[in-house]
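Peer 1: For the protein sequence lines, the chains are A, B, C, D, E and F, in the order given. To get my numbering, take the position in the first sequence, counting from 1, and add 14. To get my numbering, take the position in the second sequence, counting from 1, and add 14. To get my numbering, take the position in the third sequence, counting from 1, and add 14. To get my numbering, take the position in the fourth sequence, counting from 1, and add 14. To get my numbering, take the position in the fifth sequence, counting from 1, and add 14. To get my numbering, take the position in the sixth sequence, counting from 1, and add 14.
Number of protein chains: 6
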Amino acid sequence: MRIDKRQPDEMRPVEIVPGFLATAEGSALISVGHTKVLCAATVEETVPAFLRGSGKGWVTAEYSMLPRATQQRTPREVNKGRPSGRTLEIQRLIGRSLRAVIDLRALGERTVTLDCDVIQADGGTRTAAVTGACVALAIALGQLVKFGAVPKSPLRELVAATSVGIVDGEPLLDLCYEEDSRADVDMNLVMTDSGQFVEVQATAEQHPFGDDRLASMVSLARAGIARLVEAQKEAAGL
Amino acid sequence: MRIDKRQPDEMRPVEIVPGFLATAEGSALISVGHTKVLCAATVEETVPAFLRGSGKGWVTAEYSMLPRATQQRTPREVNKGRPSGRTLEIQRLIGRSLRAVIDLRALGERTVTLDCDVIQADGGTRTAAVTGACVALAIALGQLVKFGAVPKSPLRELVAATSVGIVDGEPLLDLCYEEDSRADVDMNLVMTDSGQFVEVQATAEQHPFGDDRLASMVSLARAGIARLVEAQKEAAGL
Amino acid sequence: MRIDKRQPDEMRPVEIVPGFLATAEGSALISVGHTKVLCAATVEETVPAFLRGSGKGWVTAEYSMLPRATQQRTPREVNKGRPSGRTLEIQRLIGRSLRAVIDLRALGERTVTLDCDVIQADGGTRTAAVTGACVALAIALGQLVKFGAVPKSPLRELVAATSVGIVDGEPLLDLCYEEDSRADVDMNLVMTDSGQFVEVQATAEQHPFGDDRLASMVSLARAGIARLVEAQKEAAGL
Amino acid sequence: MRIDKRQPDEMRPVEIVPGFLATAEGSALISVGHTKVLCAATVEETVPAFLRGSGKGWVTAEYSMLPRATQQRTPREVNKGRPSGRTLEIQRLIGRSLRAVIDLRALGERTVTLDCDVIQADGGTRTAAVTGACVALAIALGQLVKFGAVPKSPLRELVAATSVGIVDGEPLLDLCYEEDSRADVDMNLVMTDSGQFVEVQATAEQHPFGDDRLASMVSLARAGIARLVEAQKEAAGL
Amino acid sequence: MRIDKRQPDEMRPVEIVPGFLATAEGSALISVGHTKVLCAATVEETVPAFLRGSGKGWVTAEYSMLPRATQQRTPREVNKGRPSGRTLEIQRLIGRSLRAVIDLRALGERTVTLDCDVIQADGGTRTAAVTGACVALAIALGQLVKFGAVPKSPLRELVAATSVGIVDGEPLLDLCYEEDSRADVDMNLVMTDSGQFVEVQATAEQHPFGDDRLASMVSLARAGIARLVEAQKEAAGL
Amino acid sequence: MRIDKRQPDEMRPVEIVPGFLATAEGSALISVGHTKVLCAATVEETVPAFLRGSGKGWVTAEYSMLPRATQQRTPREVNKGRPSGRTLEIQRLIGRSLRAVIDLRALGERTVTLDCDVIQADGGTRTAAVTGACVALAIALGQLVKFGAVPKSPLRELVAATSVGIVDGEPLLDLCYEEDSRADVDMNLVMTDSGQFVEVQATAEQHPFGDDRLASMVSLARAGIARLVEAQKEAAGL
């Protein structure tokens, strides 16, 4: 039995509140268990230098945690003068994941920035961020359609993410913080609505693993992601 | 008539949700009109070097805005490598305001850090931060009493803050962003529960002002702060 | 009796040496007691991005202390990689104070930068900087008139500043360092030649204060600023 | 046919020169085709703060590219003031990979730092760095055994890495730069001598992929890594 | 004839005002022509980590220019986040020069920091800084003797510096800014009171030079430094 | 007898491998005893802002040491956020030395950047860098001639550098690290093929020195540089 009484293949409760912010073109507050991430989409009529004149747009992401998202206060990265390696790695992951399902040419020379700010953290913040950011992006792109800037949404399909891991020798879906910190293998999967892989990241801490473990983790994640996509569709009104 | 149909001496609706975060010793989400600030208190059993061995504690604050708190996205300060002058000025103000009503000796060699993160901004974020942080602080100190760390709360009295300004020649209470950006004089007042001044900051943009204007702004602020203190007491259960 | 034998309403000796630097368009070395600040004005034919094409100019300030301005050596901020919050707060104050008395449209698309470098510090460095910078500015603008760049000086009136405080329960004018470090309330006032307020900043350290204290501090400051304006006029030849 | 005339399942020529540096406890210059990485191991009798007193050691890595490792000069990261996100991500990967095959308790309270500096880059620099660093580590640990600091090498088994990708719809082993920049899917695998996974990282650029693609890429990589382990054993004299 | 009507072997007027600052243990304001440098010595009862427990002291220097020391305003280095290469090079030169004439063992475990701040610049600021700093150092060490901290001054002899150069094919002593910017060869010499070399730095810009030029520049400098040492002795009361 | 059995006027073995990198326009790996520096030249069709439109080119250099170039690991400067003063000083020296022998007008509006990365360090890294960089520069300029970008090489003559010092009272040529760390006087000389001085830098550590010492060090260096120029000519095929 897991610490929060879940089955090995059971996700935590998922809630996605669309339009949480009055200020942003698209936004969503996603809760996965006690993990809460506020995702906001900003559309700007400009692109990075390497895309100017290409007719193509760009999607990028930034990630941060409020200091008291965690049980112990985490010092702000601004006071160290730079984002940590972990932060940079996560925001690169979110950006890549979203770009994999966007038709950048259909977006036109626009940049969409997804700000993912963790309000409360209990494991799986990066995967919740991918899942919530996709909803904020879908809403913002819907606005572009509504105002006639693009004929149809450049979002090809939805993308969502979850974590799986091997804890005490057993594969578990959607690790909470306590499980994550004891896991022998930690894996994050990003998949599309249609069940294709966008990102596969598995890391063995001290215990390398074999093909069978890889297969069972992928299988657990696939089921979880299907659940997340349902929540996304409902939130985004798709 | 003001842009949001208020009277000159009328504050925006105030709401304070205590205990918003499961992770922090004390927390409060304060809304003043569309301005929303999440305040979290962290108690640590340590003090800055200049207080070690003094028997006295410390109260400090950090302030930040999420990028899409504003209508136009504001770039994260972490990417510039340092907090801006505005941010440093605000967090110094919050810290000083709270220290003015705390018995630092009764606190003992502990530091309380108040993290004030603006979720949505429509003017008056620094004054909302002072008001909300005082509630988070009161709750965290209540926890110290409950667990026997201190015999009674080191908080002498509550402190709250509001803004006033001269707009189109008329003194107005609690400026929203649109009013603030047109104001000839902009003033922030921090006062105690008992009506004493903690901070007085008035700035003339292009139009210096006389004693009468100073007096009428102080008078407007005093009434507004009384309203805020009521909301604080209710939220903190005092 | 005060530590340097002054009366409560007595300022320290004030001296302003105009044209101290051969290199700058305008400069002044101001001494207020042992506090000495070198102020230099630089006029550049450019404006910040937000003013380009507006027909309006800009006035800004930078502030710094030499390491041995103080009794204990203060490490240089360049070695920490950034100006401190205190420095940023002070240079924002100086810039705002001067902009309040300048006709930025009459200045045209030019920027005047006031460099205020503290050579020796004994309290009141920010107020001495405002007072000295106004003289350097007046001289530099006089040069613009002389060379026909503007028909008349865009300086509407002079601006000067002093500190007041409550020490051992008594309001005192123009605090020296020793008094400042013991003050219950510390106030800086910036006023125009005609006696209007430009900035009012009062801070209670541990002891909040009432309306009567505010009034008596304002009254002391007003008299001191009148004295400073006389010294400014003499130095600037107005 | 590939650009360099290889078969899809053919690796580039691999050469590992052990002991390239006279200065380091262990070192290796690895060449994989035109990619050359100099790996140096440093053993220090200290551990990071979080391990002090734990009896356990630590293995970490740093990664950098010389500016002219690339066809176009790449500016030095030191001049931007910080390592890029890509650099941090790679050095975290190298460190994790090596820690997965080390008995940190048997290492004792020592830190081994692996410096991986890319002399010439033609794709696959991070996987070459993992492979070369493992040889430098094995040599340095051999020195510890030789000087009696530890009874036997704390290295449980070797670890090596290669890249695979889908280019023009075809799975290819060991991508050179030109192939990597055209790949639809880019995957890095880190595996042990015994064929277990340590890290699995697959990323779809624009084209999500299915289970079959994942399986064929893993299979290609497994064969390549077996080749690399042979070269490692020869170089390290195991 | 030189721009300021000097002979080739003629120095600019030199003035050294000892004790310019009331705040520092030793200080001197040195003027060499229009170049003015304020030098302040700070004595601290501590040494850098590499000297702790060695019984030896340390002498170090910091150098900076006020923004309007120059005809065109020079931006402050603090706003770039770091001292420039030029600044670091100069402060290393000043520190080395002074350490060459100090008995660091006789100083005991103390650090003397020499702050050299250029108030006005017209060429030769680094050599004026060496010359002025030596006076500030001598005064501060005299204070140590006076208060019984050391039996006699650890200063073995005085050190002073000047520049020479080849301008339009002619060797000139003590270059002003205008000459320095046109010089084919630029040389700085630091010598002791007894005429020994401490630092010799000569740089050819575009025109390499021969032994005869080197000899004539050294000879000019030697005469100039003798003059500076006289001014130092008078200022330091030696 | 010296530690490595050389005569006082004997250089260490010198080897220069031209074209070490396949990626760069010009490159050379220079070994002077155990010191090895990899030098790479990059030609770019742009110049710094201060030269735009001048018809003149620029030559600049960057210098760095790999962490395990040294017997004790040296932390990477990128992790401190900035190049050290020593690094900046060295790269300024290399750039100046090369510019002294280049006809910048004949180069046209191009920048050549010389990257000098120390692979292994045993004293004299800066002088080896100057010597090796000159070969890389000569090769890169030869490419410009070959491709018709310039009619003939803008390199007027070769430039090379070595160190000399006074160790235990005796002048020695080409100091290794162990000698350098014991030297009373440390001198670096940069000279042209035709025996003219480009840079002369001598520093006394604790022991100021006289004219005779200066003369004997210059004489030793002159002989050593003649040897280096021979090796350069052979490597560059001149």
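Even for Gly, the Cβ is constructed at its ideal location relative to N, Cα and C. These numbers were taken from a predicted model, which means no experiment stands behind them.
#1: What separation, rounded to the nearest whole angstrom, lies between the Cα atoms of Glu193(F) and Arg66(D)?
#2: Across which residues does DSSP place Glu76(F) in a beta bridge pair?
#3: Quick one: residues in its chain with C-beta nearer than 6 Å to the C-beta of Glu29(E), no 5 flanking neighbours on either side, listed in chain order?
#4: Relative to the alpha-carbon of Arg82(C), which residue among Gln21(C), Asp131(C), Gly109(C), Glu219(C) has its alpha-carbon at the smallest distance?
#5: Is it right to say Gly209(C) is buried, meaning 16 or more other beta carbons lie within 10 angstroms of its own, or is it exposed?
#6: Using a cut-off of 7 Å between C-beta atoms, extract the partners of Pro89(A) located in chain D.
#7: Unbroken alpha helix (DSSP H) runs of length 4 or more, entirely within the segment 80 to 126 of chain F: which are they?
#8: Name, please, each residue of chain H whose Cβ falls closer than 8 Å to the Cβ of Ser45(C).
#9: So, does the CB of Pro32(A) fall closer than 8 Å to a CB anywhere in chain D?
#10: Can you give the Cα-Cα distance for Pro27(C) and Gln86(C), rounded to whole angstroms?
#11: Bridge partners of Gly184(E), per DSSP?
#12: Take Val178(C) and list the residues in its own chain whose beta-carbon comes closer than 6 Å to its own, dropping the five residues that flank it on each side.
#13: Specify, as a first and last residue, the run of the alpha helix (DSSP H) that Ile153(F) falls within.
#14: Per the contact definition of three or more C-beta pairs closer than 8 Å, is the segment 222 to 231 of chain B in contact with the segment 203 to 217 of chain C?
#15: Tell me which residues of the segment 129 to 140 of chain D have at least one Cβ-Cβ distance to chain F shorter than 8 Å, keeping chain order.
#16: When the distance is taken between beta carbons, is Gly137(A) closer than 8 Å to Tyr77(A)?
#17: Near Leu172(B), which residues of its chain fall below 6 Å by C-beta distance, leaving aside the five closest residues on each side in sequence?
#18: Inspect the CB distances between the segment 106 to 124 of chain A and the segment 115 to 123 of chain B and report whether three or more fall short of 8 Å.
#19: Enumerate in chain order the residues of its own chain whose CB-to-CB distance from Ala38(E) is below 7 Å, with the five nearest sequence positions on each side excluded.
#20: Closer than 7 Å by beta-carbon distance: list the chain D residues that pair up with Ala163(F), in chain order.
#21: Does DSSP put Gln246(E) in a helix, a strand or coil?
#22: Could you check where the beta strand (DSSP E) with Glu213(F) kicks off and where it finishes?
#23: Going by the CB atoms, is the gap between Pro168(E) and Leu155(E) shorter than 8 Å?
#24: In three-state DSSP terms, what is Gly40(C)?
#25: Looking at C-alpha atoms only, which residue of Gln215(B), Leu203(B), Ala197(B) is the closest neighbour of Leu203(C)?
#26: Distance, Cα to Cα, Glu91(E) vs Gly95(C)?
#27: When you check each C-beta in the segment 206 to 221 of chain B against every C-beta of chain C, which residues fall closer than 9 Å?
#28: In the segment 103 to 123 of chain D, which residues sit with their C-beta less than 7 Å from some C-beta in chain A, listed in chain order?
#29: Can you pull out the residues from the segment 220 to 242 of chain B whose beta carbon lies closer than 7 Å to at least one beta carbon of chain C?
#30: Does Gly156(A) get closer than 8 Å to chain D when you measure Cβ to Cβ?
#31: How about Lys144(F) and Ala175(F): are their beta carbons less than 8 Å apart?
#32: Take Lys50(D) as the anchor and find which of Leu80(D), Ile133(D), Glu59(D), Ala63(D) has the nearest alpha-carbon.
#33: Is the Cβ-Cβ distance between Glu123(A) and Gly71(A) less than 8 Å?
#34: Between Leu80(C) and chain E, is the shortest Cβ-Cβ distance under 8 Å, so that the two count as touching?
#35: Measuring alpha carbon to alpha carbon, tell me which residue in Leu121(E), Leu158(E), Arg106(E) is nearest Thr217(F).
#36: Alpha carbon to alpha carbon, what distance is there between Thr139(E) and Arg16(E)?
Peer 2: Let's see:
#1: Those two C-alpha atoms are separated by around 38 Å.
#2: Beta-bridge partners of Glu76(F) (DSSP): Asp129(F).
#3: So the qualifying residues of the chain are Ser45.
#4: Residue Asp131(C) is the option with its Cα nearest to Arg82(C).
#5: Gly209(C) should be labelled exposed.
#6: Simply none; closest approach about 15 Å.
#7: Counting whole runs of 4 or more residues, the segment 80 to 126 of chain F contains the alpha helix (DSSP H) stretches 99 to 113, 118 to 121.
#8: Looking at the structure shown, chain H is missing, and the protein chains on hand are A, B, C, D, E and F.
#9: With a threshold of 8 Å between beta carbons, Pro32(A) makes no contact with chain D.
#10: Put simply, the backbone Cα of Pro27(C) is about 24 Å away from that of Gln86(C).
#11: First, the residue type needs correcting, since residue 184(E) is Glu and not Gly in the sequence shown. Residue pairing by DSSP places Glu184(E) opposite Val181(E) in a beta bridge.
#12: Short of 6 Å from the beta carbon of Val178(C), and not among the five residues preceding or following it, lie these beta carbons of its own chain, in chain order: Leu187, Met201, Met231, Leu234, Ala235.
#13: Segment 139 to 160, the alpha helix (DSSP H) holding Ile153(F).
#14: Three or more Cβ pairs closer than 8 Å define a contact, and the segment 203 to 217 of chain C meets that threshold against the segment 222 to 231 of chain B.
#15: If the cut-off is 8 Å between Cβ atoms, the segment 129 to 140 of chain D has Asp129, Asp131, Ile133, Gln134, Ala135 near chain F.
#16: No, the pair does not count as a contact, with Cβ atoms beyond the cut-off.
#17: When the five nearest sequence neighbours on each side are left out, the beta carbons in the same chain lying within less than 6 Å of the beta carbon of Leu172(B) are those of Cys148, Asp207, Val243, Gln246, in order along the chain.
#18: By the criterion of at least three beta-carbon pairs nearer than 8 Å, the segment 106 to 124 of chain A is not in contact with the segment 115 to 123 of chain B.
#19: Same-chain partners within the cutoff: Ala54, Ala55, Thr56.
#20: Residues of chain D passing the Cβ test: none, with the nearest at roughly 17 Å.
#21: Helix.
#22: Bounds of the beta strand (DSSP E) holding Glu213(F) are 211 to 218.
#23: Result yes, Cβ atoms of Leu155(E) and Pro168(E) sit closer than 8 Å.
#24: It is a strand residue.
#25: Closest by alpha carbon: Gln215(B).
#26: Rounded to the nearest angstrom, the two C-alpha atoms are 9 Å apart.
#27: So the list reads Thr206, Ser208, Gly209, Gln210, Phe211, Val212, Glu213, Val214, Gln215, Ala216, Thr217, Ala218, Glu219, Gln220, His221, given in the order they occur along the chain.
#28: Contact residues of the segment 103 to 123 of chain D toward chain A are Glu103, Arg106, Arg110, Ala114 (C-beta to C-beta distance below 7 Å).
#29: Look at the segment 220 to 242 of chain B: the residues with a C-beta under 7 Å from a C-beta of chain C are Gln220, Pro222, Phe223, Gly224, Leu228.
#30: Gly156(A) has a beta carbon lying at 8 Å or more from every beta carbon in chain D.
#31: First, the amino acid is wrong: residue 144(F) is Val here, not Lys. Yes; because the gap between Cβ atoms is below 8 Å, this pair is in contact.
#32: Here the closest residue by C-alpha is Ile133(D).
#33: Yes, the pair counts as a contact, with Cβ atoms nearer than the cut-off.
#34: Against chain E, the CB of Leu80(C) has a partner CB under 8 Å away; the residue lies at that interface.
#35: Taking only the C-alpha atoms, the option nearest Thr217(F) is Arg106(E).
#36: Put simply, the backbone Cα of Arg16(E) is about 19 Å away from that of Thr139(E).
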